[in-house]
Amino acid sequence: MIVCVAVVGHQNNPLYIQSFTEADDALKLHHIVHCSLDVVDERVNNPKKTGPLLNETFLGLLYPIENFKVYGYLTNTKVKFILVTTDLDVKDADVRNFFRRFHAAYVDAVSNPFHVPGKKITSRTFAERVSTIVKSFGLSSAV
Amino acid sequence: MAPVVPRSGDSIFANLEHVNAELFTLTYGAIVRQLITDLEEVDEVNKQLDQMGYNIGVRLIDEFLAKSNISRCVDFKETAEVIAKVGFKMFLGVTASVINWDADGTSCSIVLEDNPLVDFVELPDNCQGLHYCNILSGVLRGALEMVSMKTEVTWVRDMLRGDDVYELNVKLLKQVPEEYPYKDDE
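Protein chains in written order, with the UniProt record's numbering: chain F, 1 to 143; chain W, 1 to 186.
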């Protein structure tokens, strides 16, 4: 079950945070996303020698916390997508797929001439598309 | 000499040079954003877009007539059909349809289901009065004025405001007969 997705800009400013649980723990999710940014910076600055050189975008499982798992994805413009999930058995391919579709939705939202880069994403279409992607992620991995 | 057959919109569109659709959309978006930043008033921006469209239309009509070999239209109904089927297809790559003719054939609506100018666009809350595609109404007005028809073009439905299609209402105000600069008896 995906708990939360977040988009963080290249200066570590939050551009979009959306939680998908009914519980009112938005602050805790903010903290988790914030801590994951440190892990992302560490991964970017100290690339593992055995790490893949081509697909630097998908960072994989960043770290587990409590009962959550946090996945990261870095675009070429240093914009980071963070995914927090409570699923125990998440396939790598599913997460990559999720981030690919999320990236496409993000690109469409940013192409809006009324969007100011660096400001929060206020597009309603983007929010709807993200909800759709999140819902279909839950279904495909529930097999 | 064999009569020249008017070519359909698809065949003309296929023979013209194409530009990247995203470049076109992003350029138009940048124009609108800059107008909003410069003029600040939504009504002013609408007027400027209309004026820009008018300037484009008076030049575009010559290219349209040259490339499409359309013969003289008999009445306003045929004019509207030609605009929707050939004109829009040739320049924007989308086919429009004509509906809602009124009783004396002077007013109709051109409906566009798909509009390349507005890909990725969402109107923010402070620009709700903006007719984003107002340049199109100016283009139609300018082009028709060059073929002796004074028209008034307004937006009826706009997808950016929540409707399901784009609808332009074209109303013929009067047909101006061609004036010759020289009098016959001088």
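Positions of the beta carbon are idealized from the N, C-alpha and C atoms, including for glycine.
Note down, in chain order, each residue of its chain lying with its Cβ closer than 7 Å to the Cβ of V147 (chain W), except the 5 sequence neighbours on either side. If we look at V147 (chain W) and ignore the five residues flanking it on each side, its Cβ neighbours are I61.
Assess, as a yes-or-no matter, whether the segment 65–80 of chain F is touched by the segment 79–99 of chain W under the definition of 3 or more beta carbon pairs within less than 8 Å. At 8 Å Cβ cutoff, the stretches do not touch.
Cβ atoms of V90 (chain F) and S36 (chain F): under 7 Å apart, would you say? The answer is no: Cβ separation not under 7 Å.
As a quick exercise: from W:N46, W:E78, W:Q34, W:D104, pick the residue whose alpha carbon is nearest that of I110 (chain W). The shortest Cα separation from I110 (chain W) among W:N46, W:E78, W:Q34, W:D104 belongs to W:E78.
Report yes or no: is there a C-beta of chain W within less than 7 Å of the C-beta of S123 (chain F)? So yes, S123 (chain F) belongs to the interface.
Chain F residues whose Cβ lies nearer than 9 Å to that of V32 (chain W): For the C-beta of V32 (chain W), the chain F residues within less than 9 Å are, from N- to C-terminus, P113, F114.
May I ask you to list, following chain order, the residues of the segment 22–39 of chain F that have a beta carbon less than 7 Å from some beta carbon of chain W? Taking 7 Å as the Cβ-Cβ cut-off against chain W, none of the residues of the segment 22–39 of chain F qualify.
For F102 (chain F) and V130 (chain F), which I take to be in contact (beta-carbon distance under 8 Å), what is that distance rounded to the nearest angstrom? Indeed they touch by this definition, with Cβ atoms about 7 Å apart.
How many angstroms separate the CA atom of L117 (chain W) from the CA atom of F68 (chain F)? About 43 Å.
Three-state secondary structure (DSSP) of T85 (chain F): Looking at T85 (chain F) - three-state DSSP - the assignment turns out to be strand.
Pull out every residue of the segment 12–29 of chain W whose Cβ sits closer than 9 Å to any Cβ of chain F, in chain order. Hits within the stretch, in order: E22, T25, L26, Y28, G29.
Looking at the unbroken beta strand (DSSP E) that takes in A96 (chain W), where does it start and where does it end? That run of the beta strand (DSSP E) goes 96–99.
Continuous beta strand (DSSP E) assignments of at least 3 residues falling wholly in the segment 70–114 of chain F: DSSP assignment within the segment 70–114 of chain F yields the following whole beta strand (DSSP E) runs of 3 residues or more, N-terminal first: 80–85.
Meets three-Cβ-pair contact criterion under 8 Å: the segment 14–21 of chain W and the segment 149–164 of chain W: Judged by pairs of C-beta atoms under 8 Å, the segment 14–21 of chain W does not touch the segment 149–164 of chain W, as fewer than three such pairs exist.
Does the segment 118–130 of chain W come within contact of the segment 118–130 of chain F, defined as at least 3 CB pairs closer than 8 Å? With a cut-off of 8 Å, the segment 118–130 of chain F and the segment 118–130 of chain W count as touching, because enough Cβ pairs lie within range.
Report the rounded CA-to-CA distance for A26 (chain F) versus S19 (chain F), giving the unit in angstroms. Cα-Cα distance, rounded: 7 Å.
Rounded C-beta distance between I65 (chain F) and A6 (chain F)? I'm assuming under 8 Å. Not quite, the Cβ-Cβ distance comes to about 14 Å (not below 8 Å), so this is no contact.
C-beta neighbour in chain F for P116 (chain W), strict 7 Å: By this cut-off, P116 (chain W) is not an interface position.
Looking at the C-beta of V42 (chain W), does it have a partner C-beta in chain C at a distance below 7 Å? Absent here is chain C; the protein component of the structure consists of chains F and W.
Taking the straight line between their C-alpha atoms, what separation do you get for K174 (chain W) and L39 (chain W)? Distance between the alpha carbons of K174 (chain W) and L39 (chain W) is about 33 Å.
Cα separation between D41 (chain F) and L59 (chain F)? Cα to Cα, the separation comes out at about 11 Å.
Closer than 7 Å, CB to CB, is V121 (chain W) near chain F or not? True, the Cβ-Cβ gap to chain F drops below 7 Å.
Assuming V42 (chain W) and G142 (chain W) make a contact with CB atoms under 8 Å, what is their CB distance in whole Å? Actually they are not in contact, since the Cβ atoms of V42 (chain W) and G142 (chain W) sit about 22 Å apart, beyond 8 Å.
Residues bridged to T151 (chain W) by DSSP? Under the DSSP definition of a beta bridge, T151 (chain W) partners with W:L172.
Closer than 7 Å, CB to CB, is Y16 (chain F) near chain W or not? Not one chain W Cβ lies under 7 Å of Y16 (chain F).
Buried or exposed (CB count within 10 angstroms, at least 16 for buried), V3 (chain F): Looking at its Cβ environment, which holds 16 or more other Cβ atoms inside 10 Å, V3 (chain F) is buried.
Same chain only: Cβ atoms within 8 Å of I12 (chain W), ignoring 5 sequence neighbours per side: Cβ neighbours of I12 (chain W) within its own chain (closer than 8 Å, five residues either side excluded): K67, S68, V86, K89, M90.
How far does the alpha helix (DSSP H) with A84 (chain W) in it reach, from first residue to last? Boundaries for A84 (chain W): no alpha helix (DSSP H) harbours it, and the DSSP string shows neither H nor E there.
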